[in-house]
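Heads up: the structure comes next, in structure tokens.
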Amino acid sequence: MNILVCIKEVPDDSVAVSVQGDRAAIDSITPVVNAFDTYSLEMAVRLKEEVEGQVTVLSIGGEDVKNSLKNCLAVGADKAYLVKRDDYRSLDAKMITEILMGAKAKLEEELGKFDLVCFGKETTDAEGSQVGVYFANKSDLGVVTSVIEMKLDGDKLITKQEIDGGYREVETKTPCVVTIAKPDYEPRYPTIKSKMAARRQKIEDFEVTCDSSLTLEEIKDFEPKKREAGVKIQEEEPEDSVAKAIAIMKEQKVL
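Residues 16 to 270 (our numbering) make up the sequence shown, in order.
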């Protein structure tokens, strides 16, 4: 099983972000691998361990993204590659998809055809949920979104897909694309031994030309509206509390 996992480096989403001017102030926030991409990598590594094969990790970014790629090697990826683009944060979904498709074609010349391409279902910075589906569409491959389990049965990938109100089982022939949601387990932690091995492993970088031009541009970031303080109702009798609550709702034209 030859698996390609596409990851993105994003600002740590556990850190509160403020807006300064028209932009979110993220320059001082430590970059990490996108959370859904860590789930994607973990599921790919588990599948590799079940059926044997190889997991290759691919990202777009500057030289500093290699640190994140080394972390991916430390938790089970076999190879890692970087498409050098210092402007990667300004690229839209169409350009990212075209670059990843070109990178995949280059890697297949060296590593052979990929049976499965994995994406996180969305990134925590943009939350577009577009690249994985667009990649599958442009590559003419089957795609299953919001996957939380997957297993291989011959040339079929059987997946458990998360949907509103429950789950459903979907199968598609390989090669195919999946986008990964949060499974019932957490990604594994690297060991000291795996960290040392990853540190010694070389991460190759290369460039991919992109014929598309930017069609979407982010204009402004907004902070969410702050929640207003509620009204405390502290009447002695329950009936009086209900009456006051109804009166307040009528005044606010909720009722």
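Glycine residues also receive a C-beta, built at the ideal position from the N, C-alpha and C atoms. The structure presented is a predicted model; accordingly, all values stated were derived computationally and were not measured.
Reference residue i, options the options, closest by Cα
i, options, result
"F150", "D107, T174, E164 and G180", "D107"
"F134", "K23, P253 and M16", "K23"
"D236", "Q35, I195, A31 and A244", "Q35"
"K247", "G77, I263 and V223", "I263"
"V70", "A89, F221 and I234", "A89"
"L229", "G157, K109, A141 and N82", "K109"
"D140", "V132, Q216, R38 and V20", "R38"
"K217", "K94, D42, I41 and G117", "K94"
"L84", "P253, V20, K268 and A120", "V20"
"S227", "V159, D220, R61 and T112", "T112"
"L122", "M211, F221, L270 and K210", "F221"
"K1", "E251, A40 and N82", "No information on residue 1 is available, as it lies outside the stretch 16 to 270 that the chain covers here."
"A118", "E232, L270 and E219", "E219"
"R104", "V132, E232 and K241", "E232"
"P46", "M58, G77, A59 and T194", "G77"
Bridge partners - residue i, DSSP secondary structure assignment
i, result
"T45", "Paired residue(s): none; T45 is not in a bridge."
"D168", "K171"
"R214", "BP columns for R214 are empty, so no partner."
"K188", "K171"
"F221", "V98"
"G91", "According to DSSP, which records beta bridges pairwise, G91 is partnered with nothing at all."
"L6", "For residue 6 there is no data in the structure shown, the boundaries of the chain being 16 and 270."
"Y182", "E177"
"V162", "Q176 and I195"
Chain-order list of residues whose beta-carbon lies under 8 Å from that of residue i (same chain, five-residue window excluded)
i, result
"I114", "I75, V98, R100, L106, V223 and C225"
"I44", "P26, D27, V30 and V32"
"E325", "Lying outside 16 to 270, the shown extent of the chain, residue 325 is not represented and no answer is given."
"E186", "D168, K171, L172, I173 and T174"
"Y204", "V90"
"N86", "V48, P205 and A213"
Three-state secondary structure (DSSP) of residue i
i, result
"E142", "coil"
"Y96", "strand"
"S83", "helix"
"V34", "strand"
"L229", "coil"
"T112", "helix"
"E250", "coil"
"I18", "strand"
"E125", "helix"
"F237", "coil"
"E24", "strand"
"R203", "coil"
"V148", "helix"
"D269", "Looking at the sequence provided, one finds Val at residue 269 rather than Asp. Looking at V269 - three-state DSSP - the assignment turns out to be coil, as it is neither helix nor strand."
"A196", "coil"
"L106", "coil"
"L131", "strand"
"G117", "helix"
"A40", "coil"
Close Cβ partners of residue i (< 7 Å) along its chain, the five nearest in sequence each way excluded
i, result
"L156", "P190, C191 and V192"
"N17", "G68, Q69, L126, G127, K128, F129 and D130"
"E177", "S161, I163 and A196"
"K188", "G157, D170 and K171"
"M116", "F150, K153 and S154"
Neighbourhood of residue i by C-beta, 6 Å cutoff - its chain only, sequence neighbours within 5 removed
i, result
"D79", "none"
"A92", "V70 and V72"
"T138", "K23, V25 and N49"
"I234", "none"
"T206", "none"
Chain C within 8 Å of residue i, Cβ atoms only
i, result
"A39", "In the structure shown, chain C does not exist; there is a single protein chain."
Cβ contact (3+ pairs, closer than 8 Å) linking the stretch 199–213 and the stretch 42–62
yes
Determine contact between the stretch 179–191 and the stretch 136–150, defined as no fewer than three beta-carbon pairs at a distance below 8 Å.
no
Is the stretch 119–128 in contact with the stretch 160–170, if contact means three or more CB pairs nearer than 8 Å?
no
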